[in-house]
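J.: For the sequence shown, my numbering gives the first residue as 511, with consecutive numbering after it. All C-beta atoms in this analysis are idealised placements derived from N, C-alpha and C, irrespective of residue type, glycine included. One structure coming up, written as C-alpha cells, with questions to follow.
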Amino acid sequence: MSAPLTVRAAAKINLHLGVGAVRDDGFHPLDTVYQAVSLYDDVQVEPAEEWSVSTELASYLDDTALPAVGANIVDAVGRLLRRSGGPGAKVQISKAIPVAGGMAGGSADAAAAMVALDRLWDLETPDEQLLALAAELGSDVPFALLGGSARGLGRGELVTPLPDHGSYAWVVVPDELGLSTPAVYRHYDKLFPDAPAEPRPANRVLEALFVGDSGRLAVAMHNDLEEVAIDLRPDLGGLLARGEAEGALRGLVSGSGPTVVFLCESPESAQAVAAALQPQHPVTLLAHGPVAGAHLVEVM
Ligand code: C5P
511 MSAPLTVRAA AKINLHLGVG AVRDDGFHPL DTVYQAVSLY DDVQVEPAEE WSVSTELASY
571 LDDTALPAVG ANIVDAVGRL LRRSGGPGAK VQISKAIPVA GGMAGGSADA AAAMVALDRL
631 WDLETPDEQL LALAAELGSD VPFALLGGSA RGLGRGELVT PLPDHGSYAW VVVPDELGLS
691 TPAVYRHYDK LFPDAPAEPR PANRVLEALF VGDSGRLAVA MHNDLEEVAI DLRPDLGGLL
751 ARGEAEGALR GLVSGSGPTV VFLCESPESA QAVAAALQPQ HPVTLLAHGP VAGAHLVEVM
C-alpha cells in the first residue's frame with residue numbers, strides 16, 4: 511500500500527471579468543483575468559478497492575451548498591481519468607474555500623483531484639491533456655491547475671499565464687448563502703438582453719499586473735457580473751461601500767458572487783480593514799496573491 515498523498519489548490523479572484531452575449535451552447539464568451547489567492551482546498555487520495563469521496567469543512571463553512579454524495583465534481587474527475595483504467599481510491603476533500611461563493615472552490619477540488627489521482631494511478635498524463643480534461647470538467651478548472659495570474663478566453667477555459675510583477679493583499683468576505691453561477695448568468699441575460707457579442711477586453715488589468723502596482727490594479731479592476739450579483743443581493747452593495755470607507759483601495763464582487771473581496775495597499779492595511787469589518791462579518795479572511803496552482807504538499 512502506498513502512503514496517502516495530498517494536493518493543494520487555491521481559490522481564484524477574477525480581477526477582470528468581461529462577459530459577452532450568451533452563445534448557442536449556453537455559455538458566455540469571457541475575457542477574464544484570474545488570480546490565484548491563498549485560500550486553499552486540500553485533496554488527499556490513497557489506494558482503495560472501491561471509489562469513495564468524503565468532505566471535511568473549515569469551521570466557518572456551511573455544508574448546505576455542498577453537492578450530494580456521488581455528484582461532486584471530484585466524482586467526475588475519477589470517471590474521466592479512469593477512462594484509461596485504474597482501480598478505486600479513497601478521496602478526502604478538506605475545504606477552506608467559500609462554497610458557492612464565486613471563488614472556484616469546486617474547480618480547485620477538481621484540479622487537485624486530477625493531479626493527485628494521476629500520481630496515485632501512475633497515469634503520467636501529459637500537461638496538455640490534463641488541461642483539456644480540466645476544460646471538460648468546468649470553465650475554471652484549467653486555471654485552477656495553472657495558478658498564478660492568467661488570462662482566460664473562450665468560456666474561461668483557454669488560459670495563458672500572465673507576467674505579474676506584484677504581490678497583492680486581499681480581504682475576503684464570504685457569505686453564508688451561496689449564489690448559483692448559472693442563476694447569476696441567467697440574470698445577466700435578463701438584465702442585459704443587448705449585451706455585445708465580444709466581451710469587454712482586459713487590457714487595463716493586464717497593464718496594471720505588468721507594472722505590479724496595487725493602486726493601478728484597484729482602478730482597473732472590473733466585473734460585469736457585479737451589478738448582476740448586487741441586483742440579486744442588494745446588501746452586497748453596502749458591504750462594498752463599507753470596506754472602501756474603511757480604507758480598502760477597492761472592493762469587488764468575486765466572479766458570480768456573493769463573496770466580496772477588497773484589494774488593500776499592504777498586508778497591514780488589509781488587517782485593519784478586516785478588523786473593521788469583523789463585528790458585522792465575523793468570517794472575514796485575509797489572503798494574498800498570486801500563489802501557485804494545484805501542487806503536491808507534505809501534510810504532517
Ligand atoms: O463551466 P462551469 O461548469 O463552471 O459553468 C457552470 C455554469 O455557469 C454553466 O452551466 C453556465 O450556466 C454558466 N457559465 C456561463 N458562461 C461561462 C461560464 C459558465 O454561462 N463562460
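Is any heavy atom of the ligand C5P found at a distance shorter than 7 Å from the C-beta of tyrosine 695?
T.: Yes, the ligand C5P has a heavy atom inside 7 Å of this Cβ.
J.: Are there 16 or more other CB atoms within 10 angstroms of the CB of proline 652, so buried, or fewer, so exposed?
T.: Burial call: buried.
J.: Within 8 Å, do at least three Cβ pairs link the segment 605–618 to the segment 549–568?
T.: Counting Cβ pairs under 8 Å, three or more are found: they touch.
J.: What are the uninterrupted segments assigned as alpha helix (DSSP H) that are 4 or more residues long and contained completely in the segment 620–682, given in chain order?
T.: Runs of the alpha helix (DSSP H) inside the segment 620–682: 637–647 and 651–656.
J.: Any idea what DSSP makes of tyrosine 698, helix, strand or coil?
T.: In this structure, tyrosine 698 counts as helix in the three-state DSSP scheme.
J.: Quick one: what does DSSP say valine 793 is sitting in, helix, strand or coil?
T.: Coil, per DSSP.
J.: Under the criterion of a Cβ to heavy atom distance below 7 Å, does phenylalanine 537 qualify as lining the ligand C5P?
T.: Result yes, Cβ under 7 Å from the ligand C5P.
J.: Can you give me the Cβ contacts of threonine 670 inside the same chain, cut-off strictly under 7 Å, excluding the 5 residues immediately before and after it?
T.: Excluding positions up to five away in sequence, the list reads Ala660 and Arg661.
J.: Spell out the partners DSSP gives alanine 521 in its beta bridges.
T.: The partner list for alanine 521 (beta bridge, DSSP) reads Val547.
J.: Please confirm whether any heavy atom of the ligand C5P lies closer than 7 Å to the CB of serine 649.
T.: Flag set: Cβ of serine 649 near the ligand C5P.
J.: The alpha helix (DSSP H) with leucine 750 in it runs from where to where?
T.: Element bounds for leucine 750: 745–755.
J.: Rounded to the nearest angstrom, what separates alanine 531 and lysine 700 at their Cα positions?
T.: The straight-line gap from Cα to Cα measures roughly 11 Å.
J.: For leucine 762, report the span of its beta strand (DSSP E) as first-last.
T.: Its beta strand (DSSP E) spans residues 760–763.
J.: In the DSSP output, what is glutamate 737 paired with across the bridge?
T.: For glutamate 737, which the question treats as bridged, DSSP gives no partner whatsoever.
J.: Could you round the C-beta distance between alanine 620 and valine 584 to whole angstroms and report it? I think they count as a contact, below 8 Å.
T.: With a Cβ gap of about 6 Å, alanine 620 and valine 584 count as contacting.
J.: For threonine 565, name the three-state secondary structure that DSSP assigns.
T.: If DSSP states are grouped into helix, strand and coil, threonine 565 belongs with the strands.
J.: Quick check: is any heavy atom of the ligand C5P less than 7 Å from the C-beta of threonine 663?
T.: Note on identity: in this sequence residue 663 is leucine, with threonine being the wrong assignment. Leucine 663: no, Cβ never under 7 Å from the ligand C5P.
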